[in-house]
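For reference, the structure is listed below as structure tokens.
Numbering (my numbering), first residue to last: 1 to 676.
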């Protein structure tokens, strides 16, 4: 293999993606030519990057030192197993999202913002690609800032809508709070190592206090990007108001950049104490449970999916927390299973969450609304979208035989193995995390039964002004490819284990795992594949058998869920609100739903409406009230600044007098007076 070829292919991928949207800026906004050119650049960039990733997995780590220095250190780039593992979803989604945009966001229909969307799409992909291989703080922050600013413009694509503008500004503030935390973290790195080169810290280079400070700064800076509860406050509005393929990029890919930062930089820290793993595990449990609970209370389809991103980030952190505890306890088995579940769920969530957001985009594209309670019966007119959304829903619930089950199975195995450690703390970890993971799965299943049933099953809940239409081929092909990947990893998980093993070994900076990562020997992957195939075969037999039996019968036809009524109507169906009412009632102490119930005040009651709304716990209940408080407080001192020159002269005179009094030897003067 030619020296530096893998890393050069990855850098070429970043450059090609960054250039893809530029030709369209100079071309007519009324034609698709610029959009097709951007798609071509995106596909070429993806192929180039995937070729480099394949070489890294085949031949090992590759590195290059760029011909310039910054802050006294050479700017180096390294592509190892961990970087390559995270590069795959970035590159794949970069191309699939561009292809999806041909039908979902065509340039002639979006003349004002289509060109900008494609430009910043390419820049966001390029920024993520660069930071994943950066080994210098300045280079890492350059990629990080390109990604962050591009994401701001992507979220604000429909900037003529107040909701989109607000979501964009909240995101921008949040991401730069995280960036400030990263500045502090890199400053501590420089204090310890004497350089801005990003590398593992030796055990004798720093004390536990400095390492703990870096640990918490990494959790804060990268946790905001990852959407860890309660640092997720920017996420629901951003994902809901962005175009759906942008939501897929944000949720499926960009959140994982935050996870990459947590994994990479905490992996650089030596001898982690047990408390670090407990903190990560607790954050994972909180994010997982509260994310799915808030998803249950949503009526906006895309906000529901956004909160499920918080839930799945929690599952990823549970796996990483287990691996971190394994490093603390010097238990290679915990490290392997925890990291396998964590990293494979990074891939899995990128697949099924991108699929679900694209499915939601297809629904919004056809129906013109995101409100679940205004939908219903869409499976009849959109069968392909319904099928793809169902695959994504089954996968995200962690049900066999799809990919979400496999990654959660790794985490379950790791938690069950902690019991064999025999200590009280290991028993506590298993007793806490395993039931929490089961609870997350059960609530996710209930939430997606609600979402899928209310959107695709039953009958329309309101009159339709025009016939709904299935998504065009350009939207169905990316959804079909993502659904196929969910099925392949679920039925043949062993295809991912070689890459998983190399990524885990790249994270093991302390050499705890020696030179091998025997995932296939630790988990019954063949049995999982066989049982999945049997399950699929049995399901197909039952489906076709029932279909034939139903067709033979001369049964009357009525709407779904007629509840035994002779003359049912569309209003006699479950809505998203009514279906989840019992479950949300159990979590009222967290959700605090705002309910507007109708009241009958006259003999002949007029038409009434029932409405319920669950606001964002951190943004709406904590941050915005605090901002309004300080606005009111500062407003009271606003009269001091009126633009009148004589007032400013008085202010200056008062300050000068105070400073003169401050410099006088008051103490010595008083002591002399009293001494007399």
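Every residue, glycine too, gets a C-beta built ideally from N, C-alpha and C.
| task | Scan the segment 600-666 and note each continuous alpha helix (DSSP H) run of 4 residues or more that stays entirely inside, going in chain order. | result | 624-636, 645-663
| request: Pull up the CB-CB distance for residue 10 and residue 87, whole angstroms please, since I reckon it's below 8 Å. | output: For the purposes of this step, residue 10 is identified with residue 10 of the chain shown, where counting begins at 1. For the purposes of this step, residue 87 is identified with residue 87 of the chain shown, where counting begins at 1. Right, the Cβ-Cβ distance comes to about 7 Å (below 8 Å), so this counts as a contact.
| So, residue 493 versus residue 406, is the Cβ gap smaller than 8 Å? | Taking the chain shown and counting its residues from 1, the one referred to as residue 493 is at position 493. Taking the chain shown and counting its residues from 1, the one referred to as residue 406 is at position 406. Inclusion of residue 493 and residue 406 in the CB contact set at 8 Å is warranted, their separation being smaller than that value.
| query | What is the rounded straight-line gap between the Cα of residue 472 and the Cα of residue 430? | reply | Against the chain shown, residue 472 aligns to sequence position 472. Against the chain shown, residue 430 aligns to sequence position 430. If you take the alpha carbons of residue 472 and residue 430, they lie about 47 Å apart.
| task | Mind reading off the beta-carbon distance from residue 320 to residue 291? Whole number of angstroms is fine, and I expect it under 8 Å. | result | Reading the chain shown from its first residue, position 320 is the one you call residue 320. Reading the chain shown from its first residue, position 291 is the one you call residue 291. No, residue 320 and residue 291 are not in contact; Cβ-Cβ is about 16 Å, not under 8 Å.
| query | Just reading off the alpha helix (DSSP H) that residue 42 is part of, what are its end residues? | reply | Residue mapping note: residue 42 aligns to position 42 of the chain shown, counting from 1. Where residue 42 is concerned, the enclosing alpha helix (DSSP H) stretches over 33-59.
| request: Report the rounded CA-to-CA distance for residue 428 versus residue 273, giving the unit in angstroms. | output: For the purposes of this step, residue 428 is identified with residue 428 of the chain shown, where counting begins at 1. For the purposes of this step, residue 273 is identified with residue 273 of the chain shown, where counting begins at 1. Each residue's Cα considered, the two are about 17 Å apart.
| Going by Cα to Cα distance, which pick from 85, 153, 644, 318 is closest to residue 169? | Along the chain shown, read from residue 1 onward, the residue named residue 169 stands at position 169. Residue 153 is the option with its Cα nearest to residue 169.
| request: Would you list the one or two residues that DSSP bridges to residue 371? | output: Working through the chain shown from its first residue, we reach residue 371 at position 371. Per DSSP, 300.
| query | Roughly how far, in whole angstroms, is the beta-carbon of residue 115 from the beta-carbon of residue 24, given that I think they are within contact range, below 8 Å? | reply | Along the chain shown, read from residue 1 onward, the residue named residue 115 stands at position 115. Along the chain shown, read from residue 1 onward, the residue named residue 24 stands at position 24. For residue 115 against residue 24, the beta-carbon gap comes to about 5 Å, under 8 Å, which counts as contact.
| Shortest alpha-carbon distance to residue 523 belongs to which of 333, 4, 99, 224? | Walking along the chain shown from the start, residue 523 turns up at place 523. If you compare the alpha carbons of 333, 4, 99, 224 with that of residue 523, the shortest gap goes to 333.
| query | Is residue 529 helix, strand or coil when you go by DSSP? | reply | The sequence position of residue 529 within the chain shown is 529, counting from 1. Three-state DSSP puts residue 529 in a helix.
| task | Kindly provide the ranges of any alpha helix (DSSP H) runs that are 4 or more residues long and lie completely inside the segment 369-407, ordered along the chain. | result | 378-381, 383-396
| message | Pop quiz: residue 479 and residue 388 are said to be a contact at Cβ under 8 Å. What is the actual Cβ separation, rounded to whole angstroms? | response | Looking up residue 479 in the chain shown gives position 479. Looking up residue 388 in the chain shown gives position 388. Contact flag correct, Cβ pair sits at about 4 Å.
| Under 8 Å, do residue 277 and residue 328 count as touching if we go by C-beta distance? | Along the chain shown, read from residue 1 onward, the residue named residue 277 stands at position 277. Along the chain shown, read from residue 1 onward, the residue named residue 328 stands at position 328. Cβ distance < 8 Å, so residue 277 and residue 328 count as in contact.
| said: Taking a contact to mean a Cβ-Cβ separation below 8 Å, would you say residue 196 touches residue 77 in this structure? | reply: Here residue 196 refers to the residue found at position 196 of the chain shown. Here residue 77 refers to the residue found at position 77 of the chain shown. No. Outside cutoff.
| message | Classify residue 92: buried if its beta carbon has 16 or more other beta carbons within 10 angstroms, exposed otherwise. | response | One-based indexing of the chain shown puts residue 92 at position 92. Looking at its Cβ environment, which holds 16 or more other Cβ atoms inside 10 Å, residue 92 is buried.
| Which stretch, first to last residue, makes up the alpha helix (DSSP H) that contains residue 128? | Against the chain shown, residue 128 aligns to sequence position 128. 114-133 is the span of the alpha helix (DSSP H), which, as asked, contains residue 128.
| Span of the beta strand (DSSP E) holding residue 66? | Reading the chain shown from its first residue, position 66 is the one you call residue 66. Run containing residue 66: 62-70, per the beta strand (DSSP E) assignment.
| request: Answer with buried or exposed for residue 588, where buried requires no fewer than 16 other C-beta atoms within 10 angstroms of its C-beta. | output: Position 588 of the chain shown holds residue 588. Residue 588 should be labelled exposed.
| request: Output the distance between the C-alpha atoms of residue 254 and residue 630, rounded to the nearest integer angstrom. | output: The residue you call residue 254 lines up with position 254 of the chain shown. The residue you call residue 630 lines up with position 630 of the chain shown. Cα-Cα distance, rounded: 32 Å.
| query | Rounded to whole angstroms, how far is the Cβ of residue 744 from the Cβ of residue 415, which I believe are closer than 8 Å? | reply | Residue coverage of the chain in this structure runs from 1 to 676, which leaves residue 744 outside it and unanswerable.
| message | For the pair the segment 154-168 and the segment 216-233, tell me if three or more CB-CB distances fall below 8 Å. | response | no
| message | What would DSSP say about residue 318, mapped onto helix, strand or coil? | response | Counting from one through the chain shown, the residue named residue 318 turns up at place 318. Of the three classes helix, strand and coil, the one that applies to residue 318 here is helix, per DSSP.
| Do you know how far the Cα of residue 659 is from the Cα of residue 223? | Walking along the chain shown from the start, residue 223 turns up at place 223. Walking along the chain shown from the start, residue 659 turns up at place 659. The straight-line gap from Cα to Cα measures roughly 44 Å.
| field | Own chain partners of residue 220 with C-beta closer than 6 Å, once the 5 adjacent residues on each side are dropped | value | Sequence index remark: in the chain shown, residue 220 carries index 220 (1-based). Excluding sequence neighbours, residue 220 sits near 181.
| query | Under three-state DSSP, which class holds residue 74? | reply | Stepping through the chain shown from its first residue, residue 74 is reached at position 74. In this structure, residue 74 counts as strand in the three-state DSSP scheme.
| query | Cβ atoms of residue 137 and residue 198: under 8 Å apart, would you say? | reply | Reading the chain shown from its first residue, position 198 is the one you call residue 198. Reading the chain shown from its first residue, position 137 is the one you call residue 137. Yes, Cβ-Cβ distance for residue 198 and residue 137 is below 8 Å.
| said: For residue 611 and residue 417, I'd like the C-alpha separation in whole angstroms. | reply: On the chain shown, position 611 is the one that residue 611 refers to. On the chain shown, position 417 is the one that residue 417 refers to. Cα to Cα, the separation comes out at about 47 Å.
| task | Report yes if the C-beta distance between residue 128 and residue 147 is below 8 Å; otherwise report no. | result | For the purposes of this step, residue 128 is taken as residue 128 along the chain shown, with counting starting at 1. For the purposes of this step, residue 147 is taken as residue 147 along the chain shown, with counting starting at 1. Yes.
| query | Taking the C-alpha atoms as reference points, what is the distance between residue 474 and residue 97? | reply | Here residue 474 refers to the residue found at position 474 of the chain shown. Here residue 97 refers to the residue found at position 97 of the chain shown. Spanning the two alpha carbons is a distance of roughly 10 Å.
| request: Report the three-state DSSP secondary structure of residue 305 (helix, strand or coil). | output: Position 305 of the chain shown holds residue 305. In this structure, residue 305 counts as helix in the three-state DSSP scheme.
| request: Would you list the one or two residues that DSSP bridges to residue 411? | output: Position 411 of the chain shown, counted from the start, is the residue given in the question as residue 411. Beta-bridge pairing links residue 411 to no other residue.
| said: Would the segment 260-268 count as touching the segment 237-252 if we require 3 or more Cβ pairs under 8 Å? | reply: no
| query | Among 42, 13, 61, which residue has its Cα nearest to the Cα of residue 507? | reply | Numbered from its first residue, the chain shown carries residue 507 at position 507. Comparing Cα-Cα distances from residue 507 to each of 42, 13, 61, the minimum goes to 61.
| query | Which word fits residue 543, buried or exposed, when buried means at least 16 other C-beta atoms lie within 10 angstroms of its C-beta? | reply | Numbered from 1 along the chain shown, position 543 holds the residue referred to as residue 543. Residue 543 should be labelled exposed.
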